[in-house]
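Visitor: Provided herewith is a single structure, encoded as structure tokens, for subsequent inquiry.
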Amino acid sequence: GAGVSQSPRYKVAKRGQDVALRCDPISGHVSLFWYQQALGQGPEFLTYFQNEAQLDKSGLPSDRFFAERPEGSVSTLKIQRTQQEDSAVYLCASSWVAGQYSATNEKLFFGSGTQLSVL
Amino acid sequence: EDQVTQSPEALRLQEGESSSLNCSYTVSGLRGLFWYRQDPGKGPEFLFTLYSAGEEKEKERLKATLTKKESFLHITAPKPEDSATYLCAVSVSSASKIIFGSGTRLSIRP
Chain L
50 GAGVSQSPRY KVAKRGQDVA LRCDPISGHV SLFWYQQALG QGPEFLTYFQ
100 NEAQLDKSGL PSDRFFAERP EGSVSTLKIQ RTQQEDSAVY LCASSWVAGQ
150 YSATNEKLFF GSGTQLSVL
Chain E
20 EDQVTQSPEA LRLQEGESSS LNCSYTVSGL RGLFWYRQDP GKGPEFLFTL
70 YSAGEEKEKE RLKATLTKKE SFLHITAPKP EDSATYLCAV SVSSASKIIF
120 GSGTRLSIRP
């Protein structure tokens, strides 16, 4: 594909529901990041994958958040028992640069995000 | 604590009216400073990376500059299509992640 693809674009969940957000990075990009962006704020780091390995999950706000990238391409961010404070835009970004230290010193390619609203 | 602050929060300009956006940072070891553009409903789109004080980069009506404490994004003779939120971000040696500012919402009136 031409860019990073995320689905769904919008997700409305009732409090307590589980949700799954999908990210298709640019083909061949080894590094994949998930970010959370609250309204009027800049993106905040959640987790980092190099291929299928989750090397950093220090930004995940609670153990309700879980991410995977089993084959080193498509990634899924899962949120269990959603809460109202989880409402935000979830952005996925990818890079051809390997290594979180190196990848974060180069440009990232972002998807358009999934806007999650928890009622 | 590493911090990135952008000002102003919002800026409204007339078409053709040049101005500058500011990004000040307090970090323990800057590796790179980035500018991204974000349109409503879209993800951030990369504009520039600056690595050392004194460095400048240009793209069309935009020019980014870097000092030891801040970066400026200068916009010359802006057009309505330049309306967007401009995000500043830094990568730091103390953490393998990017820290974003809150952005400046730029609006250009025709």
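As they're listed, the protein sequences go chains L and E.
When the first sequence is numbered by this note's numbering, its final residue is 168 and no position is left out of the sequence of numbers.
When the second sequence is numbered by this note's numbering, its final residue is 129 and no position is left out of the sequence of numbers.
For each residue, glycine too, the CB sits at the ideal point set by N, CA and C.
Spatial neighbours of Leu-169 of chain L within its chain, please: CB distance less than 8 Å, with the 5 preceding and 5 following residues excluded, ordered by chain position.
Guide: The displayed coordinates of chain L run from 50 to 168. Any statement about residue 169 of chain L would go beyond what the structure contains.
Visitor: What would DSSP say about Asp-58 of chain E, mapped onto helix, strand or coil?
Guide: Three-state DSSP puts Asp-58 of chain E in coil, outside helix and strand.
Visitor: Using a Cβ-Cβ distance under 8 Å, would Phe-91 of chain E count as near chain L?
Guide: Chain L, which has no Cβ nearer than 8 Å to the Cβ of Phe-91 of chain E, makes this no.
Visitor: Taking Cβ to Cβ, would you say Gln-86 of chain L is nearer than 8 Å to Leu-165 of chain L?
Guide: Going by C-beta atoms, Gln-86 of chain L is not nearer than 8 Å to Leu-165 of chain L.
Visitor: Output the boundary residues of the beta strand (DSSP E) element that contains Ser-71 of chain E.
Guide: Counting along the chain, Ser-71 of chain E falls outside any beta strand (DSSP E), and DSSP gives it neither H nor E.
Visitor: How would you call Gly-162 of chain L, buried or exposed, if buried means at least 16 neighbouring beta carbons within 10 angstroms?
Guide: Counting Cβ neighbours within 10 Å, Gly-162 of chain L comes out buried, since at least 16 surround it.
Visitor: So, with DSSP's three-state summary, where would you put Ala-152 of chain L?
Guide: The answer is helix: DSSP assigns Ala-152 of chain L an H, G or I state.
Visitor: Tyr-55 of chain E and Pro-63 of chain E - do their beta-carbons sit closer together than 8 Å?
Guide: Yes, the pair counts as a contact, with Cβ atoms nearer than the cut-off.
Visitor: To the nearest whole angstrom, what separates the beta carbons of Pro-27 of chain E and Thr-123 of chain E, a pair I think is in contact under 8 Å?
Guide: Between Thr-123 of chain E and Pro-27 of chain E the Cβ distance is about 6 Å, and since that is below 8 Å, they are a contact.
Visitor: Taking a contact to mean a Cβ-Cβ separation below 8 Å, would you say Gly-108 of chain L touches Thr-96 of chain L in this structure?
Guide: In contact: Gly-108 of chain L and Thr-96 of chain L (Cβ atoms closer than 8 Å).
Visitor: Establish whether the CB of Phe-115 of chain L and some CB of chain E are separated by less than 8 Å.
Guide: False, the Cβ-Cβ gap to chain E never drops below 8 Å.
Visitor: If distances are taken between C-alpha atoms only, which option among L:Ser-151, L:Ala-69, L:Ile-75 comes closest to Phe-114 of chain L?
Guide: Nearest option by C-alpha distance: L:Ala-69.
Visitor: Would you report the Cα separation of Lys-87 of chain E and Glu-20 of chain E, rounded to the nearest angstrom?
Guide: Taking the straight line from one Cα to the other gives about 17 Å.
Visitor: Is Thr-153 of chain L close to chain E, meaning its C-beta is less than 8 Å from at least one C-beta of that chain?
Guide: Chain E, which has a Cβ nearer than 8 Å to the Cβ of Thr-153 of chain L, makes this yes.
Visitor: Note down, in chain order, every chain E residue with its Cβ under 9 Å from the Cβ of Lys-106 of chain L.
Guide: The premise fails here: Lys-106 of chain L is roughly 12 Å from chain E at the closest Cβ pair, so nothing lies under 9 Å.
Visitor: Given Ser-112 of chain E, which residues of its chain have a CB within under 6 Å of its CB, disregarding the five upstream and five downstream residues?
Guide: The residues are Gly-48, Arg-50.
Visitor: Chain E beta carbons: is any one of them nearer than 8 Å to that of Phe-98 of chain L?
Guide: No, no contact with chain E.
Visitor: Does the beta carbon of Ser-161 of chain L come closer than 8 Å to any beta carbon on chain E?
Guide: Yes, Ser-161 of chain L lies at the interface with chain E (some Cβ there is under 8 Å from its Cβ).
Visitor: Would you list the residues sitting across from Val-138 of chain L in a DSSP beta bridge?
Guide: Its beta-bridge partners are L:Gln-86, L:Gln-164.
Visitor: When Cβ atoms are compared, which residues of the region 31–61 of chain E fall closer than 9 Å to chain L?
Guide: Residues passing the 9 Å Cβ filter: Arg-50, Gly-51, Phe-53, Tyr-55, Gln-57, Gly-60, Lys-61.
Visitor: Output, in chain order, the set of chain E residues within a Cβ distance shorter than 8 Å of Lys-156 of chain L.
Guide: Within 8 Å Cβ-Cβ: Phe-53, Phe-65, Thr-68.
Visitor: Considering Cα atoms alone, identify which of L:Ala-116, L:Phe-98, L:Gly-160, L:His-78 is closest to Ile-128 of chain L.
Guide: Looking at the Cα atoms, L:Ala-116 is the closest of the given residues.
Visitor: Measuring straight from C-alpha to C-alpha, what distance separates Leu-168 of chain L and Asp-135 of chain L?
Guide: Whole-angstrom Cα-Cα distance: 10 Å.
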